[in-house]
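Please read the structure below before turning to the comments.
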Amino acid sequence: MLDPSTGFRGRWTQWLVERNRRGMRLMLWLGAVLYPGFGALDYLLLRANPAARDALRFLWITRGIFLAITIALLFVVNRRIFTRHPNLFTAGYMVLAAGGISVMTAFLGGLSSPYYAGLSLVIVATGLIFVWRPQVVALQSAVVLLSFIIPNALLHRVGEATVAASNLMFLVGMAFVAATGQVMHYRSQREMLASQVRLEETKASLERAHNELKALDSFKSQFFANITHEFKTPLAMVLAPLELILQGEMGELASAHRSTFESMFRSGLKLLKMIGDLLDLSRLEESKLRLKVAEHDIVEYLRGLVAQVQPLAHRKGIELALDASTPSSFVWCDIERIERVFLNLLSNATKFTPPGGHVNVLVRGLGPRTEVVVEDDGPGFPPEKADRIFERFYQVDMGGTRRYGGTGIGLALAKEIVELHGGRIWAESSRGARFTVELLRDKEHFRPDVLERRGPTRDVPEGNRANDRGLMDFAVQMAARDEYRLLDIVEATERRVSVRDSDEDTKPHLALVVDDTPDIIRLVHNSLRAYFKVISADDGLKGLEMAARERPSLIIADLMMPGIDGLELTRRLRASDETRHIPILMLTAKGDLEDRVAGLETGVSAYLAKPFSPRELLSTARALVHAQETTADIVLTQRMDSLEIVAGGLAHEINNPLNYLKN
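When you read off a place in the sequence shown, starting at 1, and then add 1486, the result is the number in my numbering.
Printed below as a string of structure tokens:
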């Protein structure tokens, strides 16, 4: 057994020892059988010659001595001494075998003896069975040949010259061929072992890297879980007072202020929902997400869910309908987890379906399975991306001009929840998007390790303060409310923002806000309303059209927008004589230096990173407008000065001929 902890050189030495040890055992057993066995040939050749009886006796004594040595070596081959000197024992044994045969040839015709065939057998067996270094191969082959030539030459035992020459030529040729093959075999085996060692080292390196990545991933997931808990605590401290304010517990709230607080509350809920999704992803990675399964009527449940979502879909002009082929379909499932799957599918359908479109929810009972289909007649997605859309953080439109936002978590989480239930989910695209969820109806397929066995517990990691628990309970209660559950659908069906002030026509400047997020438009409007009349567009193309029509004093644009992004909007504005003078303030959540440099080269006047201070926004907006007015005044003054110079020159040129005519 090779020791993998040693280097290649040590591994190769070990391999040679073990390989030649096995070869030596085989050769010893062959020698123990064949060497005495050929004694019968001695008898057949010499029995007709009474004078050769002494020679026969000598040959048998030689074979007996060789047999005794062979038997002794059978006890040595497994000893440590063989491990220390493998080449000495293996090559020495083959030289001994060849030497015995060479001695016999001296009594049986010398160099022309037919016993040279025995030497051929030794040479072939050596090449097939042993693996030696090239130096050992050369030395052993030379000694075998010399053991045949020298004794017979010294004893003048040549025999028939032509036969002797033929024997020598065949022996030398055979020795050369066998030695060449043995050297090639040695090198190929060495290269094979080197490749194996490299492969094992690469595998070990990959395993170490894999284990390190698993450890890092585990640390990341644990950090994720801890940090999201820490996010929940201050977030609950924000949402709870906001809810009290909106409920009027802290006094009457003006309508102008209510929309701001509602926007704050909705943004807090959105952040809480994202934290919940990330926590569930973390639990799924660590196989810690547990299901609380019970039997539920999926048809009845979806009927109620569709009834809740229908008013939201109608405000965008979307028809939402449920079509069930069976009045009831009972399924064992964790209804809270499965609801997240259906809400995500409905959210995507209402988000991507244009006004006037249709979203259908189909329920079919298929024996032991229940199939739920959510389909729409929106733009769909490229069919080749049907599998990728379920990957974590993947979005069909990853560019800066994507029309709809998102984190890329929803469908990935939906797929893992469905698979945790032992079901399947897949997507198809033709005239729109079609998502199918297939669930098994019974409970026998659930793995015991995915089922919740304990009673309800609070989601509070060990080590957190006990007084955090009330806040965490608030977060759990918030997650069960309709405004939280349906938040994504509320956003997907929200109407276009149109904020107007009663005194907006008295404002000296007009600001155009181009952003696809209604809450950002409201925030910018509230920040600038004291000095600007604010109009808005929800994508880059509409913003370009409004800029050409309204000629605003300032344009505030988001970097990432549907239609065309902020940089392309800037290029087109700067390319037009009508809009190239308008200052452009770019809002961005991406703080990359490359984006800023690209924007400034394109013609962006200034950047503000989200989140931004309303005071900073107002100050920057006023500074840009003031700088533009100052530049315009300077240009106007220069033009007036130029006109005065031209007028003076013309007057001078006119007065000269007039004076000439007059005089």
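Ideal Cβ placement from N, Cα and C applies to all residues, glycine included.
Bear in mind that the values here come from a model prediction, so they are computed numbers and not experimental data.
Query: For LYS1901, is the classification buried or exposed, using 16 other Cβ atoms within 10 angstroms of its Cβ as the cut-off for buried?; Result: buried
Query: Which residues bound the alpha helix (DSSP H) around HIS1642?; Result: Here HIS1642 belongs to no alpha helix (DSSP H), and DSSP marks it neither H nor E.
Query: Using 10 angstroms around the beta-carbon of VAL2090, count the other beta-carbons present and answer buried if the total reaches 16, otherwise exposed.; Result: buried
Query: Look at MET1510 and ALA1611 and say whether their C-beta atoms are less than 8 Å apart.; Result: no
Query: Tell me, which residues are paired with PHE1932 by DSSP?; Result: Bridge partners of PHE1932: none, in fact.
Query: In three-state DSSP terms, what is TRP1618?; Result: coil
Query: With DSSP as the reference, identify every bridge partner of ASN1846, one or two as the case may be.; Result: ALA1807, GLU1861
Query: State the Cα-Cα distance for the pair ALA1788 and LEU1937, rounded to the nearest angstrom.; Result: Looking at the sequence shown, residue 1788 is not Ala but Leu. Going from the Cα of LEU1788 to the Cα of LEU1937 covers about 24 Å.
Query: Which residues does DSSP pair with ILE2041 in a beta bridge?; Result: LEU1998, ILE2070
Query: Report the three-state DSSP secondary structure of VAL2020 (helix, strand or coil).; Result: strand
Query: Taking 8 Å as the cut-off, does the segment 1792 to 1809 touch the segment 1922 to 1938 (at least 3 CB pairs, one atom from each stretch)?; Result: no
Query: In three-state DSSP terms, what is ASP1873?; Result: coil
Query: May I have the straight-line CA-CA distance separating GLN1963 from LYS1700, to the nearest angstrom?; Result: 34 Å
Query: Decide if TRP1515 is buried, meaning its Cβ has at least 16 other Cβ atoms within 10 Å, or exposed.; Result: exposed
Query: Let me check understanding here. Comparing Cα to Cα, which of GLY1790, VAL1849, ILE1821 lies closest to SER1815?; Result: VAL1849
Query: Within its chain, find whatever has a CB closer than 7 Å to the CB of GLY1843; leave out the 5 residues flanking it on each side and keep chain order.; Result: ILE1804, ASP1862, ASP1863, GLY1864
Query: Name, in chain order, the residues that DSSP records as bridge partners for SER1915.; Result: ALA1919
Query: Please report how far the alpha carbon of GLU1756 lies from the alpha carbon of ASN1712, in whole angstroms.; Result: Per the sequence shown, residue 1756 should be read as Lys rather than Glu. So the alpha carbons of these two residues sit roughly 19 Å apart.
Query: Under the assumption that VAL1999 contacts ILE2042 (Cβ atoms under 8 Å), give the Cβ distance between them as a whole number of angstroms.; Result: 5 Å
Query: Between ASP1703, LEU1559, PHE1524, which lies nearest to ARG1507 when the distance is taken from Cα to Cα?; Result: LEU1559
Query: Can you check DSSP and say which residues form a bridge with VAL1817?; Result: HIS1782
Query: If we call anything under 8 Å between Cβ atoms a contact, is ASP2025 one with PRO2004?; Result: no
Query: Enumerate in chain order the residues of its own chain whose CB-to-CB distance from THR1887 is below 7 Å, with the five nearest sequence positions on each side excluded.; Result: Its pLDDT being 43, under 50, THR1887 is placed unreliably in this model, and the value from its coordinates should be taken loosely. If we look at THR1887 and ignore the five residues flanking it on each side, its Cβ neighbours are MET2047, PRO2048, GLY2049, ILE2050, ASP2051.
Query: Measure from the alpha carbon of LEU1607 to the alpha carbon of each residue in ILE1587, MET1760, LEU1594, then state which is nearest.; Result: ILE1587
Query: In angstroms, rounded to a whole number, what distance separates the CA positions of ALA1554 and VAL1630?; Result: 21 Å
Query: Grab me the residues of PHE1494's own chain with a C-beta within less than 7 Å of its C-beta, minus the 5 sequence neighbours each way, in chain order.; Result: ALA1680, VAL1683
Query: Under 8 Å between C-beta atoms, does SER2039 make it to chain C?; Result: Checking the listed chains, one finds no chain C in this structure; it contains a single protein chain.
Query: Considering only the beta carbon of each residue, do PRO1522 and ALA1592 sit closer than 8 Å?; Result: no
Query: In whole angstroms, give me the CA-to-CA distance for VAL2132 and ALA2113.; Result: With a pLDDT of 49 at VAL2132, under the threshold of 50, the modelled position of that residue is not reliable, and no figure is offered here.
Query: Can you tell me whether TYR1601 is helix, strand or coil according to DSSP?; Result: coil
Query: Under 7 Å: does the beta carbon of LEU1553 sit that close to some heavy atom of the ligand NAD?; Result: Summarising the ligand content, the structure contains no ligands, and the ligand NAD is consequently not present.
Query: Strictly by DSSP, which residues pair up with ARG1910?; Result: GLU1924
Query: Please state the DSSP three-state secondary structure of ARG1878.; Result: coil
Query: I think THR2065 touches ALA2107, with their Cβ atoms under 8 Å apart; what is that distance to the nearest whole Å?; Result: Actually they are not in contact, since the Cβ atoms of THR2065 and ALA2107 sit about 17 Å apart, beyond 8 Å.
Query: Output needed for PRO1840: all residues of its chain with C-beta closer than 7 Å, excluding positions within five of it in sequence on either side, in chain order.; Result: GLY1864
Query: Count the CB pairs spanning the segment 1900 to 1914 and the segment 1822 to 1831 that are closer than 8 Å, and state whether there are at least three.; Result: yes
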